[in-house]
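Novice:
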Amino acid sequence: MEENRFVQLVAGMLYRTDRDSVTPETRYKGLKEWNFLFEVSLAMMLEEEYHVEVTPEDFSSTGTLDELFRRVCAPRLVNKD
Numbered sequence: 001m002e003e004n005r006f007v008q009l010v011a012g013m014l015y016r017t018d019r020d021s022v023t024p025e026t027r028y029k030g031l032k033e034w035n036f037l038f039e040v041s042l043a044m045m046l047e048e049e050y051h052v053e054v055t056p057e058d059f060s061s062t063g064t065l066d067e068l069f070r071r072v073c074a075p076r077l078v079n080k081d
């Protein structure tokens, strides 16, 4: 499932959090790594992997990785030609 790949990509960016503990229900803003630089890095990774533009509103409107995936990535996957 694509959401699992998404979670694995985010987990791969972590260096202080146990990567095996990251799930779709993870509240990503609570991660030890979460700061402005991580937010920018995550946005860039999503743009590169999913060809989507991530806005600050996308981050402020979501709390879990599942919510972020559904808001940013899932619509692109559904509309993929």
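Heads up, the sequence shown is in the numbering used here, so the first residue is 1 and it goes up one at a time.
Even for Gly, the Cβ is constructed at its ideal location relative to N, Cα and C.
Hey, quick one: how far does the alpha helix (DSSP H) through Met44 stretch, first residue to last?
Specialist: As a working mapping, residue 44 is identified with position 44 in the sequence shown. Residues Phe36 to Tyr50.
Novice: Tell me which same chain residues have a C-beta within less than 8 Å of the C-beta of Thr64, skipping the five on either side of it?
Specialist: Position 64 of the sequence shown, counting from 1, holds the residue named residue 64. Cβ neighbours of Thr64 beyond the five flanking positions: Pro24, Glu25, Thr26, Arg27 and Tyr28.
Novice: For Leu37, is the classification buried or exposed, using 16 other Cβ atoms within 10 angstroms of its Cβ as the cut-off for buried?
Specialist: As a first step, residue 37 is located in the sequence shown; it is residue number 37 there, counting from the start. With fewer than 16 Cβ atoms within 10 Å of its Cβ, Leu37 is classed as exposed.
Novice: Run the CB neighbour count on Leu68, radius 10 Å, all protein chains shown included, and call it buried at 16 or more, exposed below.
Specialist: Within the sequence shown, the letter at position 68 stands for residue 68. The residue in question, Leu68, is buried, as its Cβ has 16 or more Cβ neighbours within 10 Å.
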